[in-house]
Amino acid sequence: MEITKDLFERVPKDERDLNKIVRPSLTYWQDAWRRLKMNKLAMGGLFFVIFITLVAIFGPMLSKYNYYSQDFAIQNQGPSGTHWFGTDNFGRDIFVRILYGARISLTVGYVASILNLTIGVLYGGIAGYFGGWVDNVMMRIIDILYSIPTMIYVILLMTVMGAGLKSIIIALAISYWVGMARIVRAQVLALKQQEFVLAARTLGASNTRILLRHLIPNSMGPIIVTLTLSIPSAIFTESFLSFIGLGVSAPMASWGTLTSEALQVYLIYPYQLFFPAGAICLTLFAFQLLGDGLRDALDPKMRK
Amino acid sequence: MDKNKALIEIKNLKKYFPIKKGLLKKTVANVKAVDDVSFTINKGETLGLVGESGCGKTTTGRTIIKLYQPTSGQIIYGGKDIAKLSEKEMAPYRRKMQMIFQDPYASLDARMTVGDIIGEAIDIHKLMTGKERTERIQYLLDRVGLNSEHANRYPHEFSGGQRQRIGIARALAVQPEFIVCDEPISALDVSIQAQVINMLEDLQNDMGLTYLFVAHDLSMVKHISNRIGVMYLGKMVELCESNELYKKPLHPYTQALLSAIPVPDPEQAAARQRIVLEGEIPSPIDPPPGCRFKGRCRYAKPICSQQEPVFKDLGGGHFVACHLY
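Taken in sequence, the protein lines are chains F and G.
Residues 1 to 304 in the UniProt record's numbering are what the first sequence lists, from first letter to last.
Residues 1 to 325 in the UniProt record's numbering are what the second sequence lists, from first letter to last.
The following block contains the structure:
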């Protein structure tokens, strides 16, 4: 076949503009959110977490009952229209006590996690970035902390500082950051050899800038997953401490103390155990589902 | 332009990476990545640096711009030795020396927009702010052949060639004099390689840049370089004008390298003799005395394993380190 000039046709100018990107611009977070939305279980978890948080904040304000008023006329009543979850042996409304308990449990969970995020990210980031003997010393300290069973020194701290919300949070914050620090260190170690970090150093960026602008933002995925999964673990530890009597003092009640109180009467009034234990289970479950979903959504290998 | 004025003089540059063992981190051996290398880079020229994988060409490039602290030796930039300067004292030189990286996927921070990646240098050196900064970023994008609307996009939305252009724009943001191109084209496909090379040449002509061009693609290096240095196992073995090197290679290693370039003419290709190197490249961990190429050299003599050949000028700026000459 002979190829003649009239077989060719000029490409219109606008079609030559190959540099144009048609795909809408999606940031890393938009992309992760899009993937998270497709995961029904994780979204269920997220909605439950938001729901329980809102209920913990606003629920007690809307209720006509409070957690401390005792009314011996209505001792140990089963669930009914007036007292949704029934009453305990002092005649206190269990539903409202669970709402107040949610405040304490969630406060412990969130505050302890945010504290261990701050400590863990800075500690792990510094250890990983500077490497060498700095890393060595910092990691040996972590190894020592890790080798002591957490519960032992949380309990020790609680006995030294006295039981109460503040000391629970402090005890959890200074013991739980170790895992976060290890995750961040591993991320930073892997990232700091990448060329974009070298590029930043070539431009004259300071260590602080490289750490805060490049390394930590790039480790944000694993950090958020660890954070989400550390919230239920903090809630659980608080419940456990309250259960064995090291938690908040009466008449305040967390989910752990409610469970502990109910245990004494659970053969006669099983609903008193069922509701606080159910609240703990559902909340932990929701956080776990959300954490798992986030792990998948934030994994760059899942990008399509 | 005066092409014979030295911009950078490298004198006896060494970069060893210690291998540490045991609890006390005692140094048991050294990886001699760059071992006693000396050369000069003239203003406005392109110096090519070739050699096989692991011969220390990338390390040389990175040590010159002080990404690695040199073990010893001098790096004289514009008359001042910068080898021992602290990071703080280096700040003015960070504006003059830049680098273009090999891997266009790893060299851009995935969490920053293209505008911020290019603007980072402007922010670090506090050169401009606000509207001026935006305009500068748009100008740079335009300069490397990208659409100025791309400033708000993220690196993953670009192809390899486009990403390499972003990397070049970032290097240009501080208006440098000297750029180390660390195999800037080896990760790109052939049609894009030519585009990027031509762009680098245009930029050099327009801005009077000086390049140190690290590569292992010999024909591309010949095209872009004024002079070429050949490295083998941490040593510079030959250095001369690029045409001279291709016409009259002196070092046996250079001869072997050049014979490996494919020739597009089948008759010529059949007629020429290919020098095949026997044996493996030795380990750079504490290499034995003498010439490092002796184990694979066709002309090896007894002297080669006793004495290290001197890197000497054979006239006309043709340097070679070999006992044959």
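Note that beta-carbon positions come from the ideal geometry of N, C-alpha and C, so glycine has one too.
* Asked: Any beta-carbon of chain F closer than 8 Å to the one on G/A169?
  -> By this cut-off, G/A169 is not an interface position.
* Asked: If you follow the alpha helix (DSSP H) that G/C322 is part of, which residue opens it and which one closes it?
  -> No alpha helix (DSSP H) contains G/C322, which DSSP labels as neither H nor E.
* Please compile the residues from chain G whose C-beta is within a distance smaller than 8 Å of the C-beta of F/R201. => The answer, in chain order, is L67.
* Roughly how many angstroms lie between the CA atoms of G/I185 and G/K20, to the nearest whole one? -> Those two C-alpha atoms are separated by around 34 Å.
* Asked: Does the beta carbon of residue 329 of chain G come closer than 8 Å to any beta carbon on chain F?
  -> No answer is possible for residue 329 of chain G: the residues shown for chain G start at 1 and end at 325.
* To do: Check each residue of the region 92-110 of chain G: if its Cβ is closer than 8 Å to any Cβ of chain F, include it; give the result in chain order.
  => Result list: R94, R95, M97, Q98, M99, F101, Q102, D103, A106, S107, L108, D109, A110.
* Answer with buried or exposed for F/I235, where buried requires no fewer than 16 other C-beta atoms within 10 angstroms of its C-beta. => A residue is called buried once 16 or more other Cβ atoms fall within 10 Å of its Cβ, and F/I235 is buried on that count.
* According to DSSP, is F/M139 helix, strand or coil? -> Helix, per DSSP.
* Identify which residue in F/D292, F/A186, F/L241 has its Cα closest to the Cα of F/G128. => Nearest of F/D292, F/A186, F/L241 to F/G128, Cα basis: F/A186.
* What number of angstroms, rounded off, separates the C-alpha of G/G145 from the C-alpha of F/V134? -> A direct Cα-to-Cα measurement between G/G145 and F/V134 gives close to 44 Å.
* Asked: Taking the beta strand (DSSP E) that F/R92 falls in, what are its first and last residues?
  -> Per DSSP, F/R92 lies in no beta strand (DSSP E) and is assigned neither H nor E.
* Member of G/R274, G/L108, G/V221 whose CA lies at the smallest distance from the CA of G/E183 -> Comparing Cα positions, the closest option is G/V221.
* Asked: Under 7 Å Cβ-Cβ, which residues of chain F neighbour G/A121?
  -> In chain order: L203.
* CB contact check: F/W238 to chain G, cutoff 8 Å -> For clarity, residue 238 of chain F is Glu in the given sequence; the question names Trp instead. Output row for F/E238: interface = no.
* Secondary structure at F/V265, three-state DSSP: helix, strand or coil? -> Here F/V265 sits in coil by DSSP.
* At what residue ranges does the region 93-180 of chain F contain a whole run of the alpha helix (DSSP H), taking only runs of 4 or more? -> Here the runs fully enclosed are 94-130, 132-147, 150-161.
* Alpha carbon to alpha carbon, what distance is there between F/N39 and residue 326 of chain G? -> The structure shown does not extend to residue 326 of chain G, since chain G spans only 1 to 325, so no value can be given for it.
* Using a Cβ-Cβ cut-off of 8 Å, state whether G/E114 counts as contacting chain F. => Per the sequence presented here, residue 114 of chain G reads as Val, with Glu not at that position. At least 8 Å separates the CB of G/V114 from every CB of chain F.
* Asked: Given 8 Å as the limit, is there contact between the region 112-127 of chain F and the region 59-79 of chain F, that is, 3 or more CB pairs closer than that?
  -> No, because fewer than three Cβ pairs between the region 112-127 of chain F and the region 59-79 of chain F fall closer than 8 Å, the two stretches do not touch.
* Asked: Using a C-beta to C-beta distance shorter than 7 Å, which residues of chain G count as neighbours of F/P217?
  -> Here the neighbours are R111.
* Taking only the alpha-carbon atoms, compute the straight-line gap between G/Y211 and G/T46 and give it to the nearest angstrom. => Roughly 5 Å between the two C-alpha positions.
* Pick from F/Y65, F/T27, F/K192, F/T237: whose alpha carbon is nearest that of F/N207? -> Measuring C-alpha to C-alpha distances from F/N207 to each of F/Y65, F/T27, F/K192, F/T237 identifies F/K192 as the nearest.
* Asked: How many Å lie between F/I94 and F/V197 at the Cα?
  -> Between F/I94 and F/V197, the C-alpha separation is close to 55 Å.
* To do: With G/R227 as the anchor, note down where its beta strand (DSSP E) starts and where it stops.
  => Looking at the DSSP string, the run of the beta strand (DSSP E) that includes G/R227 is 227-232.
* Asked: Ordered along the chain, which non-local residues of its own chain (more than five positions away) have a Cβ less than 7 Å from that of G/T113?
  -> A151, N152, R153, Y154, listed in sequence order.
* Grouping DSSP H, G and I as helix and E and B as strand, with all else coil, what is F/F274? -> Secondary structure at F/F274: helix, using DSSP grouped into helix, strand and coil.
* If F/A199 sits next to G/M97, beta carbons under 8 Å apart, how far is it from one beta carbon to the other, in whole angstroms? -> 13 Å between Cβ atoms; not a contact.
* Asked: Measuring CB to CB, does F/R182 end up less than 8 Å from F/V225?
  -> At the C-beta level, F/R182 and F/V225 stay beyond 8 Å of one another.
* **Neighbourhood of F/T228 by C-beta distance below 7 Å, restricted to the same chain and skipping five residues each side** => For F/T228, where only same-chain residues beyond five positions count, the Cβ hits under 7 Å are F287, L290, G291, L294.
* Please state whether DSSP places F/C281 in a helix, a strand or coil. => F/C281 falls in the helix class under three-state DSSP.
* **Segment contact, 8 Å Cβ cut-off, at least three pairs: the region 245-262 of chain F with the region 96-112 of chain F** => Remark: three or more beta-carbon pairs, one from each stretch, lie closer than 8 Å, so the region 245-262 of chain F and the region 96-112 of chain F are flagged as touching.
* Asked: Roughly how far, in whole angstroms, is the beta-carbon of G/L277 from the beta-carbon of F/R201, given that I think they are within contact range, below 8 Å?
  -> Incorrect: roughly 36 Å between the Cβ atoms, too far for contact.
* To do: Determine the direct distance from the alpha carbon of F/S175 to that of F/L145, and round the result to whole angstroms.
  => So the two alpha carbons sit approximately 8 Å from each other.
* To do: Determine the contact status of G/K294 and G/C304, defining contact as a CB-CB distance below 8 Å.
  => In this structure, G/C304 lies closer than 8 Å to G/K294 by Cβ.
* List, in order along the chain, the chain G residues whose C-beta lies closer than 8 Å to that of F/T27? -> Within chain G, the residues near F/T27 are Y154.
* Asked: What separation, rounded to the nearest whole angstrom, lies between the Cα atoms of F/F47 and F/S167?
  -> Straight-line spacing of the CA atoms in F/F47 and F/S167 works out to 30 Å.
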